[in-house]
Amino acid sequence: MKNLKTFIVIACLAVLFGCEEDTVTSLVADDGVAPGPVSVAANAVENFSGGSKITYNLPDDDDLLYVVAEYQRTDGSELVSVKSSVFNNTLTVEGFANAQEYTVNLYAVDQSENRSEPTIVTISPEEPPYTYVCETVQAEATYGGIQLYWENPKTGLVTIEVYIEEEGGNLIFKDAIYTEGPTGERLVLGLDAVETKFVFIVRDRYNNRCGYIRETLTPLYIQLFDRANYQAVYQKHDTPDAYGWILPNTFDGVISGNNGFHSPPGWVDPDGELPEYADWSYDGIDLYPAIVTWDIGELVQLYRFKYWPRLGNYMWRHGNPHLFDLWGTDKLNADGTFDGWTLLLENVGPVKPSGQPDNDNTTEDEEAATAGFNFEISPDMPKVRYIRFVQKLAQNRTNTLFHISEVEFYGDNR
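Encoded structure:
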């Protein structure tokens, strides 16, 4: 044991005195010499909405590391810098607040962080995306809230903030809408039926924004009818369920990709087509509609129908509705036909914010599906108790499948 301790002490001393202090040295010596400037041709600037792409020629310096652009997005704002490696010859500057001339300074930087003399480039970005939204955003009163509409032709990421202005000017936040589609609309709900001062603030990711946009509107009275009173109705010609996805699932309060109503694939009505849809076709192909019926539980003036599609990987595809009709009546008939029914909505469906096909979804697309789709019904329609949903076309652009997660009905039962 004594010999082992002696060996350990000797080994430690050997390691201690055998090591020398490490010295870290730079791979490239700092010669103190700045690289030459980059050169930019007269036609080397490509302007676009809110920014510019600059093409340049690199100086002939062996230790060149990157090119940096420095600029201000608005007059008097902080200096912004963007870098591009030595392996590129282009650089994009963006986030400008207005369509006007701006100055950008380009510097070549070597591995010792020596900077070249600046190359001054004048750019003229086009009108930034947020300004189009500022100019086109509109609001109108609707049942239980307000409806916003806007255009965003440059498809930039823009935020629309919604506030209620109190007496004295205090702003109460109500909603934030994130949009990058070419057009958009949004319901802001849960508002009382009283005259209300609204303020809308439109901004982009760089915090560029226009001034306050003000509207005074009075939302219309509406209520959500109690889903505890909803019932599934099974009429002749209605589509049966499959996979355990029964119609009562559509008013159980569960919204997901694994709960709702699901039709059998390729189902065809054994009782024959209803005359209202006997000639229905899409893209030259005859299609059978899928039909389900709900009982709201009381006679009401229906103002809004809302549904949630099957979520998860099915948001904008498969058997979720793309085009549908909505019918209403105060009483059922025995033969399951549409005799005595009123067509409340015709050829309507959800609009995908991005416009991209199938399940190629943006964040805005996913948020729209998760929030559910609202459809306004004219107050001139008669009072109804029973609702019939007719899917004419699924998201897969056939009608061999139909699934839906949840429904809600809104209106006035006074």
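Numbering of the sequence shown is given in my numbering, commencing with residue 33 and proceeding in unit increments.
Positions of the beta carbon are idealized from the N, C-alpha and C atoms, including for glycine.
Just so we're clear, the structure is a prediction, and the values are computed from it rather than from any experiment.
If only complete runs of 4 or more residues are kept, the segment 335-409 shows the alpha helix (DSSP H) at 395-403, in order along the chain. Bridge pairing for W182: G216 [DSSP]. Check the Cα spacing between E199 and each of L111, Y181, L180 and V231: the tightest is with V231. For V165, the enclosing alpha helix (DSSP H) begins and ends at P161 to T168. Within the same chain, and ignoring the five residues on either side of N89 in sequence, the residues whose Cβ sits closer than 6 angstroms to its Cβ are S71. In the three-state scheme derived from DSSP, where H, G and I count as helix and E and B as strand, Y309 is classed as helix.
A residue is called buried once 16 or more other Cβ atoms fall within 10 Å of its Cβ, and V65, having fewer, is exposed.
Taking all protein chains in view, the Cβ of I204 is surrounded by fewer than 16 other Cβ atoms within 10 Å, so the residue is classified as exposed. If the five residues before and after L180 are omitted, its C-beta is found closer than 6 angstroms to the C-beta atoms of A171 and R218, all from its own chain and listed in chain order. Counting along the chain, the unbroken beta strand (DSSP E) around A140 starts and ends at Y134 to D142. Going by DSSP, T151 is part of the beta strand (DSSP E) stretching over T151 to I155. Under the three-state reduction of DSSP, A260 is assigned to helix. The Cβ atoms of S156 and S84 lie closer than 9 angstroms to each other. Cβ contact annotation for I409 (same chain, cutoff 6 angstroms, sequence separation greater than five): L334, Y335 and L376, in chain order. Taken through DSSP and simplified to helix, strand or coil, T87 comes out as strand. Taking a cut-off of 8 angstroms for Cβ pairs, the segment 233-244 and the segment 408-425 do not touch, as fewer than three such pairs fall below it. Beta-bridge analysis with DSSP links Y210 to T191. Contact check for D301 against T325 fails: the beta carbons are separated by 9 angstroms or more. With contact defined as three or more Cβ pairs closer than 8 angstroms, the segment 207-217 and the segment 186-193 are in contact. In the structure shown, L279 adopts helical secondary structure according to DSSP, grouped into three states. Following the DSSP letters along the chain, one finds V100 inside the beta strand (DSSP E) bounded by residues L96 to Q104. By DSSP's assignment, T430 forms no beta bridge with any residue. Taken atom to atom, the span from the alpha-carbon of Y266 to that of D362 is near 16 angstroms. By the beta-carbon neighbour count (other beta carbons within 10 angstroms, threshold 16), S437 is buried.
Pairwise C-beta distances place the segment 248-257 out of contact with the segment 132-152, as fewer than three of them are shorter than 8 angstroms.
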